[in-house]
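In what follows, a single structure is set out as structure tokens and then discussed.
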Amino acid sequence: DDHGLGDLGGSQAFDLYLVDFAGQADGYLSVDRCSGGRCVAALVVEKAFTGYGYPSDLVALETVVPHELFHAVQAAYTDDLETWTSEGTATWAERLFRPASQDYLRLAQGWFEEPTRSSDDPPVGPVPAFAYATALWFDFLVTRHDPSVVSEVLEAAETSDEPELDLVLAASAGRSDAVVDAWTDFSMWNLATGDLSGAMEGYEYAE
């Protein structure tokens, strides 16, 4: 109502449309209108995932829908998120919905391919894999504290012009977690993965 669109899709419910992407995509958030930095949108999802590489249609839906739906959550706060925050938290949302998400693990793996890159500085060009990989940083903070870290960042981004990395670090600092301590432990958790999993405290999926 605030955007003057009326009852799109026949009601005020959030709309989800099933379409045939012919293998070119599996889903996206379709923005209807934005005003005041906030947007309303609908979810568009592949109607049949045959040939997409997912182990089952259920896994496909439990991967695509939470990711794109979280983009809708973001859009309700602001239409101007940096790519790494947008894709990183949306990928984290896959794990929030389905803790055993293999897509989350696959995308988070990208962090280790560029260990010296700053989290808020993904490569230029089309949305890079590293932007999705920052989900690892958000999952670390959520595990260390609680999921409200993410909502706090979105709430701050709604009204702040500060770089989003500053907002993330402020959310951590607001929990009496010094940046140097958080980043040091994050680095240690990342070391204790793969063959080194179990060597120290870390992710439950470190192996």
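Positions in the sequence shown are counted from 1; adding 1 to them yields my numbering.
Quick reminder that beta carbons are idealized off the backbone N, C-alpha and C, glycines included.
TODO: Report the three-state DSSP secondary structure of Y53 (helix, strand or coil).
DONE: coil
Task: Where Y18 falls, given that 16 or more other Cβ within 10 Å makes a residue buried - done: exposed
Task: Coil, strand or helix - A33 by DSSP - done: In the sequence as presented, Ala is not what sits at residue 33; that position holds Asp. In this structure, D33 counts as strand in the three-state DSSP scheme.
Task: C-beta atoms of L44 and L70 nearer than 9 Å - done: yes
Open item on the list: With H, G and I counted as helix, E and B as strand and the rest as coil, what does DSSP make of E47?
Closed with: strand
Task: Cβ contact check for the segment 154 to 164 and the segment 99 to 114: 3 or more pairs under 8 Å - done: no
Task: Under the three-state DSSP convention, the category Y18 falls into - done: strand
TODO: With a 10 Å radius around its C-beta and 16 neighbouring C-beta atoms as the bar for buried, classify A134 as buried or exposed.
DONE: buried
Task: Length of the line joining the Cα atoms of W138 and T84 - done: 14 Å
- [ ] Would you check if the distance between the CB atom of V65 and the CB atom of K48 is smaller than 9 Å?
- [x] no
Open item on the list: Suppose only complete runs of 4+ residues qualify. What are the alpha helix (DSSP H) ranges in the segment 54 to 104, listed by chain order?
Closed with: 58 to 78, 84 to 98
- [ ] Identify the continuous alpha helix (DSSP H) that holds Y206 and give its terminal residues.
- [x] Looking at the DSSP string, Y206 is not in any alpha helix (DSSP H), and its letter there is neither H nor E.
- [ ] Mind reading off the beta-carbon distance from G203 to W190? Whole number of angstroms is fine, and I expect it under 8 Å.
- [x] 4 Å
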